[in-house]
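J.: I'd like to ask some things about the structure below.
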Amino acid sequence: MNCENCLNDTYSSCKSGFPKITSAFFILTNQCLLACRYCFVNQNIERMSYQTALDATNFLIENSKETGYTPNITFFGGEPLLEWDSVIVPLTKYIRNEYKQQFDLSITSNCILMTEDKLRFMKENNIGLLFSIDGDKETQDFNRPFHSGKGSFDILKDKIPMILKYYPNMTFRATIHRPTAKNTFHNMRFAIEQGYNNMFFIPNVFDEWAEEDKDILKQQLALFGDYFIKNARNGKILHLNNLDKIFPKIQEINNAYKKNLDRPLLTHKCGLGTGSGASIAPNGKIYACQEMVTNDDVFLIGDIYKGEDIEKRKKLAAMFNSQKVYGLNDCKDCKFDKICDGACVANNYLWSKDLNRIPDMYCYWQQILLDEAIRICNILGNEKNEVFKNTYFKSNKRKLVK
């Protein structure tokens, strides 16, 4: 179902309506074994029963029959592995043994409770995995301790090679917390040395980042840039997903400024409730984003028993306008201005109560990533580095942002 012609500010002209929800984060529990210093979840005793999970699954299946989309569940929390025996295993067996049609499954976990038996079950049933870890012992223990204050690294260190044995292409997903930002490059090296082929690092935008903290992060990124260049000269590309996504944007930015394009008007965006994805709370309520299930009913867009509330979806969507989004220094001198997509609307709202106000630290992170990408391109481009060219620019000749 296509809604591309809807106007972002009203959605009143949309004749086809919103796409049915066929992909969802299942918030199995709001509880967690860890007390991460930046966690967005209000930990409470809510848990999703198997019956609610089954009803939610059938809700997705029925919607998928109408749309033709493959249904998708990401088991989320809190810590979803707390509900391994009560929900994940029986629901997976229902989907694989009774539904028997294509159905994508994945888990986002801190892996404290991960075992090899669980990994075998996940691989046998084609369940994807995202393992959240912030770095080596100093960083992990500080950022992601247990509720007692004890560090979590020692429990995880021997699980990392076991997890990578089953998921060799898994991304190292890390949050950069301001007090441990000085370790960012070290943690990137740690990930590479553990055997990760992909990394994704994102700063916690809700921290209070002083200018000196930002400078430290910029220096850490430059250290990675130097290491990236060194490896490229030796024929190896290191994949920091944040940079991988930035390289193609160089051409987009050049084109936008060359043609004096206006910022695009986006109608379907993650977290707005305008697409086919959402999140389902333990009680069956549907939210537009998994980060908002325990935070604000502004993102509440229905429930699995009564269905999606079109008026609430319209109301939420009308709160966002990609052409009016603004961020650090009111976007002055920001190279991304003409192609900005508005960032994460949930984080925007949590930071400012405004879907159109991007957190300053998100803007800063994107800007220094772009600057580093340009520096890397200039150096390796001038050296005519073939492995770099063939990885990122094989099909297009891209000019650099000046």
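Heads up: the sequence shown begins at 495 in our numbering, then just goes up one per residue. We put the CB at the ideal spot given by N, CA and C, even for glycine.
Between the segment 842-853 and the segment 879-889, are three or more C-beta pairs nearer than 8 Å?
T.: Result no; under three Cβ-Cβ pairs closer than 8 Å.
J.: Using the DSSP secondary-structure output, state which residues sit across from S773 in a beta bridge.
T.: Taking the sequence shown and counting its residues from 1, one reaches residue 773 at position 279. Beta-bridge pairing links S773 to F519 and Y781.
J.: What is the DSSP secondary structure of Y820, reduced to helix, strand or coil?
T.: In the sequence shown, counting from the first residue as 1, residue 820 sits at position 326. Strand at Y820.
J.: Can you check which of these residues, T551, H671 and V819, is closest to L711 by C-alpha distance?
T.: Looking up residue 711 in the sequence shown gives position 217. With distances taken between Cα atoms, L711 lies closest to H671.
J.: Fully enclosed by the segment 594-646, which beta strand (DSSP E) runs are 3 residues long or longer?
T.: Counting whole runs of 3 or more residues, the segment 594-646 contains the beta strand (DSSP E) stretches 598-603 and 621-625.
J.: Which one or two residues does DSSP pair with H733 in a beta bridge?
T.: Mapped onto the sequence shown, residue 733 falls at position 239. Looking at the DSSP assignment, H733 forms a beta bridge with N692.
J.: My assumption, with CB atoms under 8 Å, is that V583 sits in contact with M542. Please give the rounded CB distance.
T.: Within the sequence shown, numbered from 1, the residue matching residue 583 stands at position 89. Within the sequence shown, numbered from 1, the residue matching residue 542 stands at position 48. With a Cβ gap of about 14 Å, V583 and M542 do not count as contacting.
J.: Just curious, the alpha helix (DSSP H) that F830 is in, first and last residue?
T.: Reading the sequence shown from its first residue, position 336 is the one you call residue 830. No alpha helix (DSSP H) contains F830, which DSSP labels as neither H nor E.
J.: In its own chain, which residues sit with a C-beta less than 6 Å from the C-beta of C857, not counting the 5 before and 5 after it?
T.: To locate residue 857, count along the sequence shown from 1; it is residue 363. For C857, where only same-chain residues beyond five positions count, the Cβ hits under 6 Å are G821 and L822.
J.: Distance check for K743 and F887, CA to CA, integer angstroms please.
T.: Mapped onto the sequence shown, residue 887 falls at position 393. Mapped onto the sequence shown, residue 743 falls at position 249. Cα to Cα, F887 sits roughly 12 Å from K743.
J.: Between S558, D579 and C605, which lies nearest to Y462 when the distance is taken from Cα to Cα?
T.: No answer is possible for residue 462: it lies beyond the span of the chain, which begins at 495 and ends at 896.
J.: Among Q714, E632, P758 and I539, which one has its Cα closest to the Cα of L522?
T.: Working through the sequence shown from its first residue, we reach residue 522 at position 28. Closest by alpha carbon: I539.
J.: In chain order, what residues of the same chain lie with their CB nearer than 8 Å to the CB of Y702, ignoring the 5 residues before and after it?
T.: Walking along the sequence shown from the start, residue 702 turns up at place 208. A quick correction: the sequence has Glu, not Tyr, at residue 702. Only R672 meet the Cβ criterion.
J.: Checking the sheet assignment: what are the DSSP bridge partners for N566?
T.: On the sequence shown, residue 566 is found 72 positions in, with the first residue counted as 1. In the DSSP output, where bridge partners are listed per residue, N566 has S517 and D598.
J.: So is R614 buried or exposed if we call it buried at 16+ other beta carbons inside 10 Å?
T.: Looking up residue 614 in the sequence shown gives position 120. Exposed is the call here.
J.: Could you have a look at T669 and say whether DSSP puts it in helix, strand or coil?
T.: Residue 669 sits at position 175 when you count from the first residue of the sequence shown. DSSP places T669 in strand when its eight states are reduced to three.
J.: Is the CB-CB distance between A731 and Q688 below 7 Å?
T.: On the sequence shown, residue 731 is found 237 positions in, with the first residue counted as 1. On the sequence shown, residue 688 is found 194 positions in, with the first residue counted as 1. Here the sequence assigns Ile to residue 731, which means Ala is not the residue at that position. Against a cut-off of 7 Å, the Cβ pair of Q688 and I731 comes out as no contact.
J.: Give me the residue from A750, M786 and E866 with the minimum Cα distance to P758.
T.: Start at 1 with the first residue of the sequence shown, and residue 758 comes out as number 264. Of the candidates A750, M786 and E866, the one whose C-alpha sits nearest the C-alpha of P758 is A750.
J.: Can you name, in chain order, every residue of its own chain whose Cβ lies under 7 Å from the Cβ of A726, other than the five neighbours on each side?
T.: In the sequence shown, residue 726 corresponds to position 232, counting from 1. Within the same chain, A726 has close Cβ partners L874, N879, V881 and F882.
J.: Please decide whether A840 counts as near chain C, where near means a Cβ-Cβ distance under 7 Å.
T.: Included in the structure is just one protein chain, with no chain C present.
J.: Is L863 helix, strand or coil when you go by DSSP?
T.: Along the sequence shown, one-based indexing puts residue 863 at 369. The answer is helix: DSSP assigns L863 an H, G or I state.
J.: Who are E802's beta bridge partners in DSSP?
T.: Indexing the sequence shown from 1 puts residue 802 at position 308. Note: E802 sits in a beta bridge opposite G796.
J.: Could you tell me the distance, in whole angstroms, from the CA atom of K739 to the CA atom of D630?
T.: For the purposes of this step, residue 739 is taken as the residue at position 245 of the sequence shown. For the purposes of this step, residue 630 is taken as the residue at position 136 of the sequence shown. Straight-line Cα distance between these residues: approximately 25 Å.
J.: Spatial neighbours of L781 within its chain, please: CB distance less than 7 Å, with the 5 preceding and 5 following residues excluded, ordered by chain position.
T.: By one-based count along the sequence shown, residue 781 stands at place 287. Checking the sequence shown, residue 781 turns out to be Tyr, not Leu. Once the five neighbours on either side are set aside, the close Cβ partners of Y781 are A772, S773, A775, V787, F793, L794 and I795.
J.: Exposed or buried, which one is E560 when buried takes at least 16 other CB atoms within 10 Å?
T.: The sequence position of residue 560 within the sequence shown is 66, counting from 1. Exposed.
J.: For A685, which residues from the same chain have a beta carbon less than 7 Å from its beta carbon, with the 5 sequence-adjacent residues on both sides left out?
T.: Locating residue 685 in the sequence shown gives position 191, where the first residue counts as 1. Within the same chain, A685 has close Cβ partners F666 and M693.
J.: Output the distance between the C-alpha atoms of Q861 and D579, rounded to the nearest integer angstrom.
T.: Sequence index remark: in the sequence shown, residue 861 carries index 367 (1-based). Sequence index remark: in the sequence shown, residue 579 carries index 85 (1-based). Rounded to the nearest angstrom, the two C-alpha atoms are 44 Å apart.
J.: Buried or exposed: S510, going by 16 or more other Cβ atoms within 10 Å of its Cβ?
T.: For the purposes of this step, residue 510 is taken as the residue at position 16 of the sequence shown. Its pLDDT being 46, under 50, S510 is placed unreliably in this model, and the value from its coordinates should be taken loosely. Label assigned to S510: exposed.
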